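Number of protein chains: 4
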Amino acid sequence: MYNIALFGAGRIGQVVHSVNIDAHPETNLYSVIDPFGENAQKIADKFDCKIQTVEEAMQDPNIHGVLIASATDTHAELIELAAKAGKAIFCEKPVHLDMDRVKQCLQVVEAEKVPLFIGFNRRYDPQFKAVKERLSLGMIGKAESLLIISRDPSPPPVEYIKVSGGLFRDMTIHDLDMARFIMGEEPVSVYASGSTLVDENIGKAGDIDTAYIVMRFPSGAMATISNSRRSGYGYDQRLELHGEKGVLAAKNLHEDAVEMWTDEGCQYAKPEFFFLQRYEAAYQAEWKHFVEVLSGKSQPAVTGYDGQQALYLADKALESLKTGQEVKLD
Amino acid sequence: MYNIALFGAGRIGQVVHSVNIDAHPETNLYSVIDPFGENAQKIADKFDCKIQTVEEAMQDPNIHGVLIASATDTHAELIELAAKAGKAIFCEKPVHLDMDRVKQCLQVVEAEKVPLFIGFNRRYDPQFKAVKERLSLGMIGKAESLLIISRDPSPPPVEYIKVSGGLFRDMTIHDLDMARFIMGEEPVSVYASGSTLVDENIGKAGDIDTAYIVMRFPSGAMATISNSRRSGYGYDQRLELHGEKGVLAAKNLHEDAVEMWTDEGCQYAKPEFFFLQRYEAAYQAEWKHFVEVLSGKSQPAVTGYDGQQALYLADKALESLKTGQEVKLD
Amino acid sequence: MYNIALFGAGRIGQVVHSVNIDAHPETNLYSVIDPFGENAQKIADKFDCKIQTVEEAMQDPNIHGVLIASATDTHAELIELAAKAGKAIFCEKPVHLDMDRVKQCLQVVEAEKVPLFIGFNRRYDPQFKAVKERLSLGMIGKAESLLIISRDPSPPPVEYIKVSGGLFRDMTIHDLDMARFIMGEEPVSVYASGSTLVDENIGKAGDIDTAYIVMRFPSGAMATISNSRRSGYGYDQRLELHGEKGVLAAKNLHEDAVEMWTDEGCQYAKPEFFFLQRYEAAYQAEWKHFVEVLSGKSQPAVTGYDGQQALYLADKALESLKTGQEVKLD
Amino acid sequence: MYNIALFGAGRIGQVVHSVNIDAHPETNLYSVIDPFGENAQKIADKFDCKIQTVEEAMQDPNIHGVLIASATDTHAELIELAAKAGKAIFCEKPVHLDMDRVKQCLQVVEAEKVPLFIGFNRRYDPQFKAVKERLSLGMIGKAESLLIISRDPSPPPVEYIKVSGGLFRDMTIHDLDMARFIMGEEPVSVYASGSTLVDENIGKAGDIDTAYIVMRFPSGAMATISNSRRSGYGYDQRLELHGEKGVLAAKNLHEDAVEMWTDEGCQYAKPEFFFLQRYEAAYQAEWKHFVEVLSGKSQPAVTGYDGQQALYLADKALESLKTGQEVKLD
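Below you can see the structure in the form of structure tokens.
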């Protein structure tokens with residue numbers, strides 16, 4: 001049984017991570033750490049775990065692993081502290097919004113030789129995973145063009161937008177990682193086009209809410225991402241991979257499987273509302289993977305480098321958006 | 001926290017009921033009772049619960065409720081013992097395969113005034129429940145004709161068939177209950193037609209493996225059930241309700257949401273393999289309901305009478321099959 | 001080029017048959033015959049063909065074939081006249097509503113050795129034909145259970161109902177023929193259950209508007225038909241054939257292929273409105289077949305006997321409805 | 001009745017245009033003109049029309065309109081000749097592959113004041129037309145992002161590629177026109193990325209076979225086109241328009257509506273094979289529109305200017321591809 005310290009008792013900590021840590025037969029939610037005592041208390045009450053300070057947790061020899069789901073700007077420092085304390089680390093994306101800080105942090109992790117897993121949970125979505133597996137099995141031949149459609153149901157508050165790092169670093173970063181995951185090669189160029197169509201306050205905050213990103217890969221294959229901060233019909237999370245012999249298409253999951261046919265037409269349910277619903281299985285599967293990392297059976301399948309590369313692509317997409325030019329990549 | 005004694009440590013006890021009792025925040029898997037010590041031990045080890053005899057469990061004042069998932073021919077007696085011991089009772093269908101024995105048993109339950117819930121889990125399937133709810137909301141007007149398609153992926157061993165009570169009492173009984181649940185009235189006639197097409201040994205055992213059942217209701221509405229012991233493509237569990245203004249159709253749930261389009265055509269995944277997968281949510285929901293019964297917040301939504309009526313319809317369908325005639329019902 | 005006389009200038013004559021005769025490169029719409037001069041004139045004007053009396057047409061040596069799409073009660077007599085005149089005959093179903101009259105008529109046809117094709121157009125629907133072909137290719141093994149769902153968009157006027165011969169002889173007859181076509185064997189029993197749910201005036205006229213029919217075949221296979229005079233959502237024409245290895249399902253054709261996803265759900269188009277839309281391709285294909293019959297390249301694929309058998313099943317379904325009993329067939 | 005001269009007796013002339021001219025009640029296929037006498041003869045035989053030279057047709061006062069479906073490099077000259085002869089003109093895209101030549105040609109048309117319709121047939125596809133209409137009705141609010149997926153089933157011969165003007169001018173031009181049609185505004189920038197993945201000989205011929213194009217519009221809306229010369233699964237012609245309130249998605253049309261469910265999964269038919277099947281209704285509808293132009297009831301809904309603009313976008317996409325930069329548009 002591995003004891004886990006959970007950093008961050010916000011929504012995802014309460015609804016996803018604490019539940020998954022508790023439900024896994026090999027992990028124990030040992031403690032929760034959060035500057036907002038009220039949230040920490042909720043988790044402590046529900047799962048009968050300790051409340052600790054950062055320092056207490058880092059020094060506590062009973063803790064085998066940490067799950068960092070705190071505010072984005074605390075990730076890098078907590079990773080470094082945990083690495084120095086010799087804990088295995090599961091950290092929500094991103095490591096940090098600033099690339100230099102990311103690199104610095106990853107050097108510490110490397111020096112301390114602790115495992116670090118970055119929570120790009122969508123790689124563990126059964127749909128997207130099946131696409132990757134069937135591609136690997138050669139079912140559609142070589143990958144040629146990937147289309148990722150990724151739209152949130154509705155935009156976050158502008159206050160969040162302001163500290164988010166912007167659309168590309170906050171939202172697109174998942175899709176950029178997905179493109180790297182599916183295609184299995186690093187892009188050589190990126191182009192981005194974006195607009196503020198959903199909420200003009202997002203534009204006033206210096207961000208965009210709608211975007212298309214196009215990447216090219218060394219093989220000549222391409223990938224396109226279509227993003228919006230608001231769908232109008234639920235969480236839209238699809239991808240289509242066109243290969244030599246055909247297409248693998250991951251469709252949305254819908255709220256139910258009941259259709260209604262009347263004089264007004266035929267109706268079926270909207271896509272699952274948002275990430276908590278759509279990616280429930282993915283969150284469980286990534287935690288299962290992390291437990292294998294804890295036990296030494298696996299190496300982290302999503303590394304600090306993956307986190308760094310997704311941020312790099314987000315930064316370069318932003319550069320393209322600002323210059324109106326395709327950006328060549330290293 | 002309610003302490004639950006689980007009678008029956010077979011597959012459904014191990015994979016479904018013990019897990020759901022343990023996962024619910026208000027129930028505790030207190031003990032397991034099974035003549036096969038090995039199975040009981042598995043559950044005791046996994047959930048750290050007692051192993052008891054029937055007598056110990058019935059006399060144990062710490063036990064609030066029993067979940068009966070043992071062999072069919074033990075249900076009635078266990079219900080009676082539990083009723084006399086004042087325990088709330090959750091029993092898998094059927095109460096018994098013999099109608100007189102069912103009635104006798106239900107009289108004991110009534111006399112003891114304990115709650116008895118019969119595990120017609122499909123009523124808690126989110127799809128079928130949504131059909132019922134939308135019908136109740138008037139979304140398709142009055143119900144006119146119901147079609148239930150219910151096919152197992154593959155037939156059980158003939159040894160099982162021999163003690164099963166036959167297709168109607170073993171398998172169709174779920175669909176008969178579903179028809180009563182959706183239509184909200186008791187049928188006035190039943191007609192059945194059946195064949196042995198899947199496995200001739202089923203026929204040699206005096207049973208059938210393929211059937212159509214037609215029921216009429218007082219309102220003039222009708223219902224048809226299409227059954228087979230083998231689908232060839234996974235567990236097929238659909239229903240279509242035609243009403244005044246249109247149709248509500250509950251489709252199958254599929255193994256994933258990935259399509260593949262190639263020169264050979266367009267493909268999507270098979271329906272979920274069998275009841276453990278398809279009705280996972282239903283099993284959890286019925287347990288949640290039973291906990292509300294335990295706490296006095298609800299009355300059993302599926303009663304002993306429902307169990308009796310479903311068996312009655314199964315018996316009458318068998319009579320129709322044997323006589324080749326429509327049978328009038330009380 | 002074959003000269004065709006069209007008997008009946010009603011809607012189906014105007015919209016379907018005259019158009020198809022004219023469009024086929026090997027047939028010429030030579031004349032039209034109808035007691036309502038106005039309708040005949042419409043067709044004559046549009047296609048520049050003669051208007052004839054029945055007698056003129058039967059005696060006209062230029063006419064190679066007749067297409068009988070007149071009122072039902074004129075079919076048998078026109079068939080006999082055309083047979084005696086040596087014309088090849090295409091007749092809309094039914095030959096007659098009275099079985100004895102049908103047999104009498106078919107004897108004349110047989111004596112005269114002219115080809116007679118009965119217009120069970122649905123056998124030429126590309127969807128249903130594909131099901132039959134894939135069954136024949138062994139793609140799902142042996143047929144086990146067939147489900148036909150057949151609902152009109154809305155009921156005809158009660159005046160029509162009164163002369164229609166009733167639901168089974170007027171509407172179900174197509175589905176009974178479809179069951180014979182798909183299964184490739186003659187049923188050994190039929191059971192019918194029906195109600196008046198759509199329009200009480202249909203009940204007052206002695207007919208029903210909603211029905212389930214179950215047939216058994218010598219192989220043990222079964223077929224069920226679900227009928228309604230009103231769907232609420234367009235013309236519903238589906239079938240599902242369950243065989244040893246799986247299902248072949250012919251879905252509805254829809255008005256378009258555009259979906260709309262909004263906050264209210266996901267929507268797609270209703271089924272094609274009615275038979276003129278849904279079976280357009282079938283009407284063309286059956287005429288193409290009849291031209292092959294005219295040229296001697298084919299024998300009629302749907303014979304007078306097929307017409308007789310479908311009527312026989314309709315009559316027996318009615319007997320079952322009236323007696324509430326399964327009826328054994330010859 | 002309008003007499004039509006058909007220039008070009010190649011495949012599309014034989015299979016589409018001659019048939020549609022003949023089938024329309026107000027047009028008569030008067031003559032066919034083609035340097036390959038054999039093809040012209042086929043059409044003349046089938047429709048009993050004259051064979052003429054270009055000069056004869058242009059001077060023939062009986063001819064009201066011309067349909068130009070000849071080799072691409074003859075379009076501009078034939079348009080000019082027909083304009084000077086006062087004929088109404090239906091011309092397959094493109095006017096010419098060279099922009100200066102296009103402009104010169106359109107000046108002649110303008111000077112002669114004859115109607116000129118450019119055959120961007122996809123605007124008449126019932127699916128895409130329905131998307132445009134529902135957008136206009138406000139069903140999804142303002143358009144925000146358009147995704148066009150357009151893939152041919154298999155690449156043409158390299159000989160064709162060499163004279164085609166390249167992927168953008170030959171194939172993408174339809175999608176560029178579709179984007180203008182749906183969005184209802186002129187793009188302000190275009191970016192293109194492309195590869196040779198399907199056939200290396202296409203690359204050797206200086207062309208590409210796979211591409212992504214991104215356009216921005218003055219409103220901030222965007223459009224993306226995904227192209228391939230080979231799909232692997234039939235003709236893929238879809239579009240998805242995301243607006244303020246949701247999505248309108250035009251799906252593919254499939255070869256039939258029959259599904260097969262077996263142990264290997266669930267299967268449905270491939271998309272219609274190619275443009276002759278998929279756009280049959282569109283070709284008929286555009287001809288119907290042209291007949292309204294002939295009769296003076298309508299102005300051409302797709303003009304020479306539309307042809308010019310689509311070519312302009314194709315040229316600019318090519319410039320983007322070559323420079324690797326987004327190109328600003330006038």
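Chains as they are written, first to last, in full-length UniProt numbering: chain A, 1 to 330; chain B, 1 to 330; chain C, 1 to 330; chain D, 1 to 330. Even for Gly, the Cβ is constructed at its ideal location relative to N, Cα and C. Keep in mind the model is a prediction, meaning the values are calculated, not measured.
Taking the alpha-carbon of residue i as reference, which of the options has the nearest alpha-carbon?
| i | options | result |
| --- | --- | --- |
| A285 (chain A) | A:A23, A:L329, A:H254 and A:E112 | A:A23 |
| V32 (chain A) | A:K316, A:Q104, A:L6 and A:V15 | A:L6 |
| P94 (chain D) | D:L116, D:A85, D:P157 and D:L81 | D:L116 |
| C266 (chain B) | D:A250, D:H174, D:S231 and D:I79 | D:S231 |
| E200 (chain D) | D:D34, D:K42, D:V158 and D:F275 | D:V158 |
| E144 (chain A) | D:G194, D:L253 and D:M139 | D:G194 |
| S150 (chain C) | C:L176, C:K129 and C:Q325 | C:L176 |
| L253 (chain D) | D:K288, D:G165, D:Q237 and D:Q52 | D:Q237 |
| I68 (chain A) | A:I12, A:Q59, A:E56 and A:D98 | A:I12 |
| D48 (chain D) | D:F36, D:I21 and D:Q127 | D:I21 |
By the criterion of Cβ-Cβ separation under 8 Å, what are the contact partners of residue i in chain B?
| i | result |
| --- | --- |
| K251 (chain A) | A257, V258 and E259 |
Using only the alpha-carbon positions, how far apart do residue i and residue j sit?
| i | j | result |
| --- | --- | --- |
| F217 (chain A) | G206 (chain D) | 20 Å |
| Y212 (chain C) | A192 (chain C) | 6 Å |
| E186 (chain B) | E255 (chain D) | 44 Å |
| Y235 (chain B) | R101 (chain B) | 32 Å |
| K328 (chain A) | M215 (chain A) | 10 Å |
| P153 (chain A) | A257 (chain B) | 20 Å |
| H83 (chain B) | D34 (chain B) | Looking at the sequence provided, one finds Ala at residue 83 (chain B) rather than His. If I take the Cα positions, the gap works out to 19 Å. |
| A44 (chain A) | I63 (chain A) | 16 Å |
| S189 (chain B) | E326 (chain B) | 7 Å |
| F114 (chain A) | A310 (chain A) | In the sequence on display, residue 114 (chain A) carries Val and not Phe. Answer to the nearest angstrom: the Cα atoms are 21 Å apart. |
| F120 (chain D) | K142 (chain D) | 24 Å |
Taking residue i as the query, report the chain D residues whose CB atoms sit under 9 Å from its CB, ordered along the chain.
| i | result |
| --- | --- |
| D199 (chain B) | Ordered by position in chain D, no residue passes the 9 Å Cβ test against D199 (chain B), which lies about 17 Å from the chain. |
At what residues does the beta strand (DSSP E) containing residue i begin and finish?
| i | result |
| --- | --- |
| L248 (chain D) | G246 to A250 |
| M1 (chain A) | M1 (chain A) -> no beta strand (DSSP E), and no H or E assigned at all. |
| T323 (chain D) | From DSSP, T323 (chain D) is part of no beta strand (DSSP E) but of the alpha helix (DSSP H) over G304 to T323. |
| V214 (chain A) | T210 to R216 |
List, in chain order, every chain C residue whose beta-carbon is nearer than 7 Å to that of residue i.
| i | result |
| --- | --- |
| Q299 (chain A) | Simply none; closest approach about 40 Å. |
Counting only Cβ pairs nearer than 7 Å, list the residues of chain A close to residue i.
| i | result |
| --- | --- |
| L147 (chain D) | S226 |
| H242 (chain D) | S228 |
| P126 (chain B) | D256 |
Contact check, residue i vs residue j under 8 Å by CB: the rounded distance?
| i | j | result |
| --- | --- | --- |
| R134 (chain B) | M260 (chain A) | 7 Å |
| I173 (chain C) | L146 (chain C) | In fact, because the Cβ distance is near 16 Å, the residues do not count as touching under 8 Å. |
| I208 (chain A) | T196 (chain A) | 5 Å |
So residue i is in the alpha helix (DSSP H); what residue range does that whole segment cover?
| i | result |
| --- | --- |
| F181 (chain B) | I173 to M183 |
| Q277 (chain A) | F275 to R278 |
Below 8 Å on C-beta distance, what does residue i contact in chain D?
| i | result |
| --- | --- |
| D152 (chain B) | The premise fails here: D152 (chain B) is roughly 14 Å from chain D at the closest Cβ pair, so nothing lies under 8 Å. |
| R134 (chain C) | V258 and M260 |
| V190 (chain A) | The premise fails here: V190 (chain A) is roughly 10 Å from chain D at the closest Cβ pair, so nothing lies under 8 Å. |
Mind pulling the chain C residues with CB within less than 9 Å of residue i?
| i | result |
| --- | --- |
| T262 (chain A) | G232, Y233 and K270 |
For a contact defined as C-beta to C-beta under 7 Å, what are the partners of residue i on chain D?
| i | result |
| --- | --- |
| Q267 (chain B) | G265, C266 and Q267 |
Which bits of chain A does residue i rub up against, with CB to CB less than 9 Å?
| i | result |
| --- | --- |
| M139 (chain B) | M260 and T262 |
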